[in-house]
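Asks:
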Amino acid sequence: MAQLELFLQTLISGFLLGGLYALIALGMALIMGVMRIINLAHGDFMMIAMYIAYWLFTFFGIDPYLSVFVAAPLLFLFGLGIQKYLLTPVMKVESILPHNQVILTVGLAMVFSNLATVFFTGNYRSTPVSYASSAWYLTDYWKNSPIELSLSMPWTLSFIIAVIITIALWIFLTKTDTGKSIRATSQDLEAALLMGVNVNWVRMVTLGIGLALVACAGCLFIPIYYLYPALGKQFTNVGFVITVIGGLGSTDGAIIGGLILGLFESLTATYIGMGWAPAGRFAIFVAALVFLPGGVSSILRRWRLGK
Amino acid sequence: MKRISLLTAFILFFVCVIFTVAQAQDTLKLSIPLPLTGTNAKFGEIEKKSYEIAMEEINAKGGVKGKKIVLEFEDSQGKPEVSRAIVEKLIDVKKQPVIFGEYSSSCSKAIAAVAEERKVPYMVVTGATDDITQQRYKYVFRMNPTNAYYATGFMSFLKEVVKPKTIAVLYESSDFGTSGAEDMVKQAQKAGIKVLVKEQYEKGAVDFKPILSKVKAAKPDVIYMVSYVMDAALLMRQIKELRIDANLYAGGAAGFAIPEFIQNAKEASEFVMTATLWSPQVKYPGAKEFAEKYKRLYKDYPSYHGAEAYSALYIIADVLNRAKTWTPDDIRVAMKATNMMTAFGPIKFEDKEGYTNQNFIDTLVMQVIKGKHETIWPEKYASAKYVYPIPKWRDRR
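Top line first, the protein sequences correspond to chains A and B. Quick note on this note's numbering: the first sequence kicks off at 309 and runs consecutively. Quick note on this note's numbering: the second sequence kicks off at 43 and runs consecutively.
1. Along chain B, which residues have their Cβ under 9 angstroms away from the Cβ of Glu313 of chain A?
2. Compare the C-beta of Arg184 of chain B with all C-beta atoms of chain A and state if any pair is closer than 7 angstroms.
3. Please report the distance separating the alpha-carbon of Phe313 of chain B from that of Leu416 of chain A.
4. Straight-line CA distance for Tyr432 of chain A to Gly322 of chain A?
5. Between B:Val239, B:Leu200, B:Ser255 and B:Ser216, which lies nearest to Tyr270 of chain B when the distance is taken from Cα to Cα?
6. In whole angstroms, what is the alpha-carbon distance linking Ala170 of chain B and Gln280 of chain B?
7. Measure the C-alpha to C-alpha separation of Leu567 of chain A and Tyr423 of chain B and round it to an integer number of angstroms.
8. Excluding five sequence neighbours on each side, which residues of the same chain lie with their C-beta closer than 6 angstroms to the C-beta of Ser425 of chain B?
9. Residue range of the beta strand (DSSP E) that Arg184 of chain B falls in?
10. Go through the region 183-222 of chain B residue by residue and report every complete run of the beta strand (DSSP E) that reaches 3 residues or more, in order.
11. Starting from the N-terminal side, write out each stretch of the alpha helix (DSSP H) that is 4 residues or longer and does not extend beyond the region 238-270 of chain B.
12. Measuring only between beta-carbons, confirm whether Pro252 of chain B sits less than 7 angstroms from chain A.
13. Measuring alpha carbon to alpha carbon, tell me which of B:Arg436, B:Gly396 and B:Met315 ends up nearest Lys412 of chain B.
14. Are the Cβ atoms of Ile332 of chain A and Ala525 of chain A separated by less than 7 angstroms?
15. Out of A:Pro381, A:Thr429, A:Trp363 and A:Leu382, which one is the CA nearest neighbour of Pro436 of chain A?
16. Helix, strand or coil, according to DSSP, for Trp444 of chain A in the structure here?
17. So Ala562 of chain A and Ile550 of chain A are supposed to be a Cβ contact under 8 angstroms. How far apart are they, rounded?
18. Could you tell me whether any Cβ in chain B is nearer than 7 angstroms to the Cβ of Asn431 of chain A?
19. Under 7 angstroms, Cβ to Cβ, is there at least one residue of chain B near Pro454 of chain A?
20. Identify, in the order they occur along the chain, each residue of the same chain with its Cβ nearer than 7 angstroms to the Cβ of Lys390 of chain B, setting aside the five sequence neighbours on each side.
21. Go to Pro440 of chain B, then tell me how far its alpha helix (DSSP H) extends in each direction, as first and last residue.
22. Counting only the same chain and skipping the five closest in sequence on each side, list residues whose C-beta sits under 7 angstroms from that of Leu284 of chain B.
23. For the alpha helix (DSSP H) that Gln311 of chain A lies in, which residues bound it at each end?
24. Could you check whether the region 342-356 of chain A touches the region 409-424 of chain A, counting it as contact only if at least three pairs of C-beta atoms, one from each stretch, sit closer than 8 angstroms?
25. How would you call Leu385 of chain A, buried or exposed, if buried means at least 16 neighbouring beta carbons within 10 angstroms?
26. With which residues is Ile74 of chain B paired in a DSSP beta bridge?
27. With a Cβ-Cβ cutoff of 7 angstroms, do Asn363 of chain B and Phe183 of chain B count as a contact?
28. Give the interface partners of Lys84 of chain B over in chain A, defined as CB-CB distance under 8 angstroms, in chain order.
29. When you compare the CB of Thr316 of chain B with every CB in chain A, is at least one pair closer than 7 angstroms?
30. Can the beta-carbon of Ala317 of chain B be found closer than 7 angstroms to that of Ala275 of chain B?
31. Figure out for me which residue from A:Leu312, A:Ala310, A:Met309 and A:Thr318 has the closest Cα to the Cα of Ile580 of chain A.
32. Measure from the alpha carbon of Met309 of chain A to the alpha carbon of each residue in B:Ala260, B:Asp134 and B:Leu200, then state which is nearest.
33. For Ala349 of chain B, name the three-state secondary structure that DSSP assigns.
34. From the DSSP output, in three-state form, read off Arg589 of chain A for me.
35. Quick one: what does DSSP say Phe142 of chain B is sitting in, helix, strand or coil?
36. Is there a Cβ of chain B sitting closer than 7 angstroms to that of Thr425 of chain A, yes or no?
Now the structure itself:
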């Protein structure tokens, strides 16, 4: 019984963590699909959003979950600006290295984390919300349950909001004109150009949406985690690994990849040892590149075509 | 034309040299490597503030041999390779005859190796891994007790009050965490306590629930954790979430012993105990004054790291006052002869129990009672009576 309890509790943790990971990777995959670059400043944009949520909480007492409505639009505008004034001009420059834009994102990541250290100091911060360690317990609802499971309130809330945001993104991508243009550009750049899609505008919107998504992820993370200027790198890594597992540039793949990584990390932590989680993360990263170069999305595609 | 510009450059250079020399005559510049950015920046900040308080006090009393101390801080980002480079620069370029500072064990260890190689005395202020002073380094001194001693106060509390049969040990996979956990396991086994779980985790982990579920399934009497700042708070929060009912939750100093732990873990921090090296309530001369001054300036009591840094500068000033000349070798001789009282406790660098140039002092136990750290053990230093047994999570409001 104790073993079953341990296993189920691990699955719950992994699933909740995976949902949040997926939201981080979603924006990265979207950007990669349209612009063919990996945004290595992704985690640092998340850090910026977390600072917004943190200051709103500290000065105005606004709940971090509500600050999604502030941080996401702000980062959206920020994304438009960065694409227009930084990434697009860089694209035009001839250079020996094909991926000047990727290098630019690395630069941005460094600038942001260092600026954050200058402005906000290296202090660790968190938003101690009143429900931070509340949870629902199985034995509270089912008195004679042989096992005890707990479901953390902030984690569950974060997970549900992440799911809602993902559904909203899906509707946007499939039902609206802009969404369709984004998908068209991601599938075939030249064809989209010929069909009269304003590719520069699509790129701007994509970066904006990608950053808005990671801003949401930041706001969902801060009640359960904490914040410091150098936090970005860690989440950029997570997003990068998931994007590769999911199949570069695929949003469906990113969602499944996120869940896989979350479950994988939790299971390794329980059954092998938590110190192994980062090593395991990169092991599946390499495994995915070698054995499944197209990622989860290639399986999805095969399955769809087979039907 | 070329000549003139060369000449001006030359003159400028000379002016600069003369200027610096003139300035150098009545000041003593000392650079301290500290993690001012990065994940250990919080500790770096506490130490920086404390060094500055000590500097002002010493300068107000006339400085060292008539010279005013000017401190400079070099940011090591908490990375051993950066702190190594900083110290190489200080020794080779700035010719600083004595090195002290740095926060984490890993960084202190890196500096110790450089200092020994270049024969310049280095005083470790906070790095606690046992082996730093176990390598027979002649030039490396350590003012703080080692990890093996962090838990001595806590162990005596366990033996006399809790009398546990089993323990679970969770620790961060850094030098400090690993050696803290190893020492705890060793002492527990010596005391006949069975170690049920010993798990390490990577710093910055988001979700501890998998390993905590494992701990819960093992049902230990005591859960002992060695962590830096935020992990400590996350661990306690998630222990509360999972309702793991142990008889005692305890931390091995560092992240559990600073006020941020209580602010971040909130009600989950209540009744948690921690080993510590110092608290504002200890009865060493100057301890209370320092704690109050720090609180007046920065609105919070300093952790033991602050007291260590504050006292470190007093030790360095004392050593420099006694040294015949300010060459590395004379300073080393003076440092070896140190025997003084500081706000952090008595300082004396001894060779015993396999350690070289190591200071030994009593360690304490603190417990969070009503949202405040109170010293509870040894009883002669206690500021409040300990709360034991502690209530189960289910029965807490």
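We put the CB at the ideal spot given by N, CA and C, even for glycine.
Replies: The relevant details are as follows:
1. Ser255, Lys258 and Ala259
2. no
3. 44 angstroms
4. 25 angstroms
5. B:Ser216
6. 27 angstroms
7. 51 angstroms
8. Gln323, Glu416 and Thr417
9. Val182 to Arg184
10. 208-214
11. 251-260
12. yes
13. B:Met315
14. yes
15. A:Trp363
16. strand
17. 6 angstroms
18. yes
19. no
20. Thr380, Asn381 and Asn401
21. The structure shown does not extend to residue 440 of chain B, since chain B is modelled only from 43 to 439, so the question has no answer here.
22. Lys251, Leu254, Ser255 and Lys258
23. Ala310 to Met343
24. yes
25. exposed
26. B:Phe115
27. no
28. Gly430, Asn431 and Tyr432
29. no
30. no
31. A:Thr318
32. B:Ala260
33. helix
34. helix
35. strand
36. yes
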